[in-house]
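Asks:
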Amino acid sequence: MEQEPYDSRAGNARPGTDGAAPHGGPVPGEITVITATDVAGSRFTGGTGTAPEPGRQAAVVAQAQAVLPMVVQSLYAEQLRSVELRGADTGDPHFVLADRRGKELTLRVDAVPLPTGTVARMHVNTTSDHHFVQLSDRMDPQQVGRALSHELGEMLAVRERAVQAAAGDPSVAGVAPPREALLTRGRLTAAEEGFRLTEEDLGRVGELNHLAARMTDATLDTAQRAEAREELSALIDHTGLRPQAPAGSERFDRELQAADLRLNSIEPHLTPRAWQAVSHLAVPAEQLSGQDAADLQAFRARAAYTLPLGNGPPMPGMRPDGTPVPREELAAAAAEAADRRTRASAATLDQLRAEAAATGEWPTRRVMIGGGASLVGRDPDALLVDARGRWHLDPGQGIVQSADQVRDMRATGLGDAHQFVDPTGRVPRDAVRLWEDELAVRGPVVDGTARLLPAQDGRLYAHIRPGDGSPDVYVQVEGVPTVATGLPPEMVPGVDRRDVVNLPEAIGAVRGQLPADSPVHERLAGAPDARRTLQVLREEGVLDTLRAHDGARPALRTLDATAQWEQARATAPGRVFLGDEIAENRFDVSAADAPRTWLVAGAGGTGVADAEIILEADPQARVTIYGPNLPPALENQVQFTAMRERFVAEYGGDGRLTIDIHPDNRVGAVQMHTGPDGKPRFREGHVEAEAYVASLGRTAPVPEALRDLGEQTRAAGGQVRGDLMFDHDRQYLGYGMTFESGGQQRRVEVTGAASQALPRDVFPRDTQAALGAMAARQVPAQSGNAAPGFAPTAQQSVRLAQAREQGTVERHAAVPESWQRPAAAAGTTPASGPSTGRSSPAAASTGTPSAAPADPVAGAPAAGPANPVAGAARRQSGQGSAAPGGPVPGSAPGPASPGQPPRVQRPPQPGGGGGAPGR
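Counting from 47, one number per residue, gives the positions in the sequence shown under the working numbering.
#1: Buried or exposed for Ile-707, going by 16 or more other Cβ atoms inside 10 Å?
#2: In this structure, does DSSP put Arg-297 in helix, strand or coil?
#3: Taking one C-beta from the segment 406 to 414 and one from the segment 436 to 449 each time, how about it: are there three or more such pairs within less than 8 Å?
#4: Quick one: which unbroken alpha helix (DSSP H) runs of 4-plus residues sit fully inside the segment 801 to 855? Chain order, please.
#5: From Ala-821 to Ala-832, what does the alpha carbon distance come to, in whole angstroms?
#6: Enumerated in chain order, which unbroken segments of the alpha helix (DSSP H) with a length of 4 residues or greater are wholly contained in the segment 711 to 775?
#7: Grouping DSSP H, G and I as helix and E and B as strand, with all else coil, what is Glu-586?
#8: Could you tell me the alpha carbon to alpha carbon distance between Pro-895 and Ala-815, rounded to whole angstroms?
#9: Please give the ranges of any beta strand (DSSP E) in the segment 504 to 592, keeping only runs that are unbroken, at least 3 residues long and fully inside the region.
#10: To the nearest angstrom, how far is it from the Cα of Ala-837 to the Cα of Glu-150?
#11: Quick check: what's the CA-CA separation for Glu-206 versus Glu-734?
#12: Using a 10 Å radius around the Cβ and a threshold of 16 neighbouring Cβ atoms, would you call Ala-347 buried or exposed?
#13: For His-438, which three-state DSSP category applies?
#14: Using a Cβ-Cβ cut-off of 7 Å (strictly less than) and excluding sequence neighbours within five positions of Ala-840, which residues of its own chain qualify?
#15: By Cβ distance, which residues of its chain are closer than 7 Å to His-176, with the 5 residues on each side in sequence left out?
#16: Is the beta carbon of Val-694 less than 8 Å from the beta carbon of Thr-608?
#17: Is it buried or exposed for Gln-666, if we count other Cβ within 10 angstroms and need 16 for buried?
#18: Tell me the DSSP bridge mates of Ser-787?
#19: Going by DSSP in three states, Gln-683 sits in which element: helix, strand or coil?
#20: Compute the Euclidean distance between the alpha carbons of Gln-852 and Asp-367, then round it to the nearest angstrom.
#21: Between the segment 499 to 508 and the segment 374 to 389, are three or more C-beta pairs nearer than 8 Å?
#22: Reducing DSSP to helix, strand and coil, say where His-595 ends up.
#23: Can you tell me the Cβ-Cβ gap for Gly-417 and Glu-482, rounded? I've got them flagged as a contact below 8 Å.
#24: Cutting at 6 Å between CB atoms, please list the residues of its own chain near Ala-463, excluding the five before and the five after it.
#25: Hey, does Ala-508 have any beta-carbon neighbour from chain B nearer than 8 Å?
#26: Touching or not, the segment 765 to 780 and the segment 641 to 661, by the rule of three or more beta carbon pairs under 8 Å?
#27: To the nearest angstrom, how far is the alpha carbon of Glu-536 from that of Thr-652?
#28: In its own chain, which residues sit with a C-beta less than 6 Å from the C-beta of Gly-224, not counting the 5 before and 5 after it?
#29: State the start and end residues of the unbroken beta strand (DSSP E) segment that holds Met-414.
#30: Just to check my reading of the structure: Ile-312 and Val-251 have Cβ atoms closer than 8 Å, yes? What is that Cβ distance to the nearest angstrom?
#31: In the DSSP assignment, find the unbroken beta strand (DSSP E) run with Pro-474 in it and report its ends.
#32: Between the alpha carbons of Ala-428 and Gly-513, how many angstroms are there, rounded?
#33: When DSSP labels each residue in this structure, what does Tyr-778 get in the three-state scheme?
#34: Going by DSSP in three states, Glu-971 sits in which element: helix, strand or coil?
#35: I'd like the list of long-range same chain contacts for Leu-661, defined as Cβ closer than 7 Å, with 5 residues on each side in sequence excluded.
#36: For the segment 586 to 657, which segments carrying the beta strand (DSSP E) assignment without a break, of at least 3 residues, lie completely within its bounds, in sequence order?
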């Protein structure tokens, strides 16, 4: 293919222009936003189809490992002085690089399912300097070098900004990074007046450098060089470095001026070779050679433009005039948003009650129960019932991630963390409250809790208990309700973590060992706690028999540990806590006899957060975190590293925190004794303290909002089935539950942090294990995040809303095979294919796969390994659930067992006092 020679370029003038600056500055107008890193119409896309070709994931990773050193050496040698692949022999291949300051950083690469429109995603962790690139497992492996050129450019830009902010650079410190991409088509907007390049822009510059190098690489054949030239021209067009309007049109001059400004802005970042190539091709289409013009015409014909994730209403955190809330006004803005939400809740309750009074029937509404980060995907026409938990109660500084670690959250529309904190600073608690409260009032909202109740009239009701103490209300539920109530409850220390993890499961397991006609069933149904349960078994003369039975031992272990826990809390009130109670500020250090030494059992994220909260609340407190290991994710979180430096003596802190980690540090049931001063003491190993906090992981019951629905479905001889929800890009959206009874099906969908813990009495053990493995791969520890965390939850919520709108929610019986590691996926066969279609009760294939063998104690599939979501976030609500004596999920319906609650006859009529329904 014949090509024109490059033109020499003098100064900053575009070939064919005089280089004059545009008159009047930036021209206001709209811009087209380019999603992620796709260049629609070019070869640089995330791929098509719903799953990768066999072997594609491994091929993409192998290509990345081969070309990354070359990308570093050819494009980023000034910023990165060395690159070495390590860990291949230990199963953890990763690159170790050194920057120009001599500081080492690591970079890992994987090929995973990514949303359509995304070629690559970079998790930049400026706290730990451990970074992670995820490449689309559907992409062309030949495009991997270009993708890495982009992601490395973006990573270096993010790192450099963090360094400048830490040094107090006034152009960066206290200033949010530029958000309006400069490299986009059309006219410039007022937001781009400063002509600052975004991190995404600098990633695009990396692509320009990469393509320019390839189009002049003598080691490539003619076709490869021509392809690189065609792709470079397409990228120039895509990034607004060439006017789109025809020469002579009204828009042409403005677009040409804007393109010149963009070209001038990127010149310092282009290699000499790239500058020559770009300046030659970045001319109006009419000035291109015949082949270049034909290639451009074909590209423009193929190009299709898409909108970004979360495109919709203005993002929270803005003033009424549309300008961002400044950092110094954050606290006041959060307080104002909280007040608006309180007033909106009261107005919604007034409307519901007025409607009920006028019609004599409870109103009908679509319903969402719970909120948090899932609020960003809420249906504005649905009634939101949310307890304003977690971050509205937490006394800590904020979430455990830095602004850099959640920088992609802005694309969801939830909020821009950099607006309120510098790159490596923790996202403030008030920012989270502001975002959530502003999102909550975008539709009807009630501050409170809700439970779903089936009535004999065939309707499903939401029983709402307002947080303001006013009378309860009900609404008839329309459509499929959504539940996003956060993570489930924590475990009591000493329970059987594998088979019987909480009190309801233990009671159910014990009842499963008793004859169906035993009178003990009725007495157990009324037992309020573990101590009373053991007393009933002892009085009925069956406790010793059960203890001698191997099948009952896990249940008895959990009953004993729970009874010991109950006794400790009763004997030492205000000194024995679950971690969530500390996080929700339900402790008091102000009393004269308040405990000064604390033992935190469990070294996960919740335990670390609890220790920080206690140390900040009481300057005299001393805390020991006790456990067998520290999760690797902690080293990547800004909270943990900063807390060590403040409180651990070995890291220069004041010595008030001890982290006691050893493989032999196993935590059993709470151990309490009385000290010489007559006060209670608690011990684990050689550690003794005046107060005890258990942060040992979480149970996995049905969410509290669904507990009555599940129990009453099974009591009527029905069954509960579950399925996993994915979109067409294999992104996890949550799980669905179908409640079948009396010829009726009722479906509920669970999303957010709650969806990362599958109910143990609905889903098989291996499904939870596969979901945990997928979550760890989807959100790697090096990102400083976890799948149930704040930013990943926001992304999941928006994708669920989009898939519902597009009718592309797929129900799967198992995690898609492509989420397995390439080595593990080879030669395996998918358990079943997805059932595609709109998520509704009428969709097919809602059942789970054949359940694991029923456990003789629990009467249900046993739990998997330690829950990977434990400690990553905290629950909003949720208690243990059980179906004592009920059938194994997925089995044939069985008769109701003794002690099951009857179906609700009907919620009380409006105006009748609104009390809780009869049980």
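Using N, Cα and C, we set each Cβ at its ideal position, and we do this for glycine too. Predicted model only: the values in this text are computed from it and were never measured.
Replies: Let me lay it out:
#1: Within a 10 Å sphere around the beta-carbon of Ile-707 sit fewer than 16 other beta-carbons, which makes this residue exposed.
#2: In the structure shown, Arg-297 sits in coil (DSSP, three-state: anything other than H, G, I, E or B).
#3: Cβ pair count under 8 Å is below three, so no.
#4: Those alpha helix (DSSP H) runs which fall completely within the segment 801 to 855 and span 4+ residues are 811 to 824 and 836 to 852.
#5: Rounded to whole angstroms, Ala-821 to Ala-832 spans 8 Å at the Cα level.
#6: For the segment 711 to 775, whole alpha helix (DSSP H) runs of length 4 or above, ordered along the chain, are 753 to 761.
#7: Residue state for Glu-586 is assigned as coil, using DSSP reduced to three classes.
#8: Because the pLDDT of Pro-895 is 33, which lies under 50, any placement of that residue in the model is unreliable, and the number read from its coordinates should be weighed accordingly. Taking C-alpha positions only, Pro-895 is separated from Ala-815 by approximately 14 Å.
#9: Uninterrupted beta strand (DSSP E) stretches at least 3 residues long and entirely within the segment 504 to 592 occur at 506 to 512 and 519 to 523, given in chain order.
#10: A straight line joining the alpha-carbon of Ala-837 with that of Glu-150 spans about 27 Å.
#11: If you draw a straight line from the Cα of Glu-206 to the Cα of Glu-734, it comes to about 45 Å.
#12: With fewer than 16 neighbouring CB atoms inside 10 Å of its own CB, Ala-347 falls in the exposed class.
#13: Three-state result, His-438: helix.
#14: The answer, listed in chain order, is Ala-419, Val-422, Met-455, Thr-458 and Leu-460.
#15: Excluding residues up to 5 positions away in sequence, Thr-152, Asn-682 and Gln-828 lie with their Cβ nearer than 7 Å to the Cβ of His-176 in the same chain.
#16: No, they are not a contact pair.
#17: Gln-666 is exposed by the Cβ-count criterion.
#18: DSSP lists Gln-790 as partners of Ser-787.
#19: Coil at Gln-683, not helix or strand.
#20: Gln-852 and Asp-367 have their alpha carbons spaced roughly 33 Å apart.
#21: Contact between the segment 499 to 508 and the segment 374 to 389 is absent, because fewer than three Cβ pairs lie under 8 Å.
#22: Note: His-595 maps to coil in three-state DSSP.
#23: With a Cβ gap of about 6 Å, Gly-417 and Glu-482 count as contacting.
#24: So the qualifying residues of the chain are Ala-449, Val-452 and Val-473.
#25: As a matter of chain content, chain B is missing from the structure shown, which is built from one protein chain.
#26: No contact exists between the segment 765 to 780 and the segment 641 to 661.
#27: Each residue's alpha carbon lies about 10 Å from the other.
#28: Sequence check: residue 224 is Pro here, not Gly. Here the set comprises Arg-242 and Thr-244.
#29: For Met-414, the uninterrupted beta strand (DSSP E) run begins and ends at 413 to 415, by DSSP.
#30: Confirmed, about 5 Å.
#31: Per DSSP, Pro-474 is one residue of the beta strand (DSSP E) stretching across 472 to 474.
#32: The alpha-carbon atoms of Ala-428 and Gly-513 are separated by roughly 19 Å.
#33: Three-state DSSP puts Tyr-778 in a strand.
#34: Since the first residue of the chain shown is 47 and the last is 965, residue 971 is not available in this structure.
#35: Excluding sequence neighbours, Leu-661 sits near Ala-667, Val-669, Phe-693, Arg-702 and Leu-703.
#36: Residue ranges of uninterrupted beta strand (DSSP E) with 3 or more members, entirely inside the segment 586 to 657 and ordered along the chain, are 622 to 624 and 643 to 647.
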